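Protein chains: 2
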Amino acid sequence: MPLPETQIPGRLQAYFSERGIRITQQRRAVLRVIETATKHLDAGQILRKVQRVDASVDRSTVYRTLQLLKRHGLIDELDLMHIRGEGHYYERKMNREHIHIACLRCGKITEFVTSTYDKLKQQVEKDCHFKILVSRLEVGGYCSACRQ
Amino acid sequence: MPLPETQIPGRLQAYFSERGIRITQQRRAVLRVIETATKHLDAGQILRKVQRVDASVDRSTVYRTLQLLKRHGLIDELDLMHIRGEGHYYERKMNREHIHIACLRCGKITEFVTSTYDKLKQQVEKDCHFKILVSRLEVGGYCSACRQ
DNA sequence: AGCGTTCTTGCGACCAGTTGCAACTCTCGG
DNA sequence: CCGAGAGTTGCAACTGGTCGCAAGAACGCT
Chain A
516 MPLPETQIPG RLQAYFSERG IRITQQRRAV LRVIETATKH LDAGQILRKV QRVDASVDRS
576 TVYRTLQLLK RHGLIDELDL MHIRGEGHYY ERKMNREHIH IACLRCGKIT EFVTSTYDKL
636 KQQVEKDCHF KILVSRLEVG GYCSACRQ
Chain B
516 MPLPETQIPG RLQAYFSERG IRITQQRRAV LRVIETATKH LDAGQILRKV QRVDASVDRS
576 TVYRTLQLLK RHGLIDELDL MHIRGEGHYY ERKMNREHIH IACLRCGKIT EFVTSTYDKL
636 KQQVEKDCHF KILVSRLEVG GYCSACRQ
């Protein structure tokens, strides 16, 4: 086996070992796929990419790893307004929470950061006496190109 | 059969006949369940309530009716931060869009209306040159009682 | 009211995601 | 380096949601 362990751990794997969460071959593969993803992936796509590295990895392992990451707040789960089916999409959590804007016609996903979103969350915390841990704002409609 | 057709149509049914969408026994039952709901229902709960009126109604009919309502913008679909499982919840669309606040510990769902949310949406439309048709803001965390 | 078109339904098969369980494997201490 | 114990995996069975299709129902027209 040509040294797969010596790869750069990556943030997610580092988080795991710091917290004493076990790192297995299967989890390493899932983390790697998520960390190197360039676009929003759904569970099925992640599974397929993982199985290209290790074909024996089961669906349930991928789903369980995604749940684990979600519970630790390391990934965000998105619906993207159900543009394609009912499934969820995943992305690694960014420094700044952003809005997902989905064009219902061309399917393009845009991300948008604004301080108004932060202000809105602060207002919710204050007015509702609520401690926010996760939040998700998704918007569906038509982008400028599709609206013509 | 004691005059089931003579019931007050209700808003959803009225919308259907105005638009020439066929009204069937099954759809009538689903609309009735949604219109008389006092809390957020998931598809399974709606199915069970519908089947108490007409046991022959199939799952797929309920799901298709929900999709139909969603497409016409008559109901909103919510995840409620996946407090219980992966399923979705449905509520009939209100005059004013509101934020759903889900306590991750006690499961309580609070609804919150604020003009900041409207301002945020306006800003997205302006800054992103995007026409918003639907939006959804869900927040998860701890309510004041559970935070102690 | 009867008829025909068109839409809807129920069914069965399928895909996606979850769960219980026995076998396995990771990690830590010796 | 090895063994024990806890945690993880793959499997199989199950639930939730979707889809294609043939039978059935709704509505407009006469």
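First to last, the protein sequences are chains A and B.
Sequential numbering of the first sequence, starting at 516, is according to the numbering used here.
Sequential numbering of the second sequence, starting at 516, is according to the numbering used here.
Beta carbons: idealized from backbone N, C-alpha and C, even for Gly.
All of these numbers come straight from a predicted model, not from anything done at the bench.
- Of the residues A:HIS644, A:LYS564 and A:ALA558, the one whose Cα lies closest to the Cα of ARG579 (chain A) is A:ALA558.
- The three-state secondary structure of LEU589 (chain B), taken from DSSP, is coil.
- Pairwise C-beta distances place the stretch 612 to 626 of chain A in contact with the stretch 645 to 661 of chain A, as three or more of them are shorter than 8 Å.
- For ALA552 (chain A), there is no enclosing alpha helix (DSSP H), as DSSP marks it with neither H nor E.
- In the DSSP annotation of this structure, the continuous segment of the beta strand (DSSP E) that includes ALA617 (chain A) starts and ends at 614 to 618.
- Secondary structure remark: continuous beta strand (DSSP E) runs of at least 3 residues inside the stretch 615 to 651 of chain A, in chain order: 624 to 627.
- The continuous alpha helix (DSSP H) containing ARG662 (chain A) extends over residues 659 to 662.
- Chain-order list of chain A residues neighbouring LEU635 (chain B): ILE614, THR629, THR631, TYR632, LYS634, LEU635 and LEU652, by C-beta distance under 9 Å.
- Boundaries of the beta strand (DSSP E) around ARG607 (chain B): 604 to 607.
- Contact annotation: the stretch 531 to 542 of chain B does not touch the stretch 622 to 642 of chain A, with fewer than three C-beta pairs closer than 8 Å.
- When secondary structure is reduced to three states using DSSP, GLU533 (chain A) falls in the helix class.
- Under DSSP, the beta-bridge partners assigned to GLU653 (chain B) are A:ARG651 and B:HIS615.
- Among the CB atoms of chain B, none fall inside 8 Å of the CB of THR551 (chain A).
- Counting only Cβ-Cβ distances below 7 Å, HIS644 (chain B) has contacts in chain A at SER659, in chain order.
- The residues GLU592, in chain order, have a CB closer than 7 Å to that of LYS585 (chain A) in the same chain once the five nearest residues on each side in sequence are set aside.
- Within the same chain, GLY525, ARG526, LEU527 and ARG607 come within 8 Å of GLU550 (chain A) by CB-CB distance, once the 5 residues on both sides are set aside.
- Note that the C-beta distance between ILE614 (chain A) and VAL649 (chain B) is not below 8 Å.
- Shown here for ARG611 (chain B): same chain residues with a beta carbon closer than 8 Å to its own, the five before and five after excluded, namely VAL628 in chain order.
- A straight line joining the alpha-carbon of VAL654 (chain A) with that of ALA529 (chain A) spans about 33 Å.
- LYS634 (chain B) counts as exposed, since fewer than 16 other C-beta atoms from the protein chains shown sit within 10 angstroms of its C-beta.
- A direct Cα-Cα distance of roughly 13 Å separates LYS554 (chain B) from HIS603 (chain B).
- Collapsing the DSSP output to three states places THR576 (chain B) in a helix.
- At a cut-off of 8 Å between beta-carbon atoms, THR625 (chain A) makes contact with chain B.
- Taking a Cβ-Cβ threshold of 9 Å, the residues of chain A close to GLY655 (chain B) are ILE647, LEU648, VAL649, SER650 and ARG651, in chain order.
- Comparing C-alpha distances from ARG547 (chain A) to each of A:GLU533, A:GLY535, A:ASP569 and A:ARG534 shows the shortest one belongs to A:ASP569.
- Closest option to TYR657 (chain A), judged by alpha-carbon separation, among B:ARG651, B:LEU652, B:CYS643 and B:GLY656: B:CYS643.
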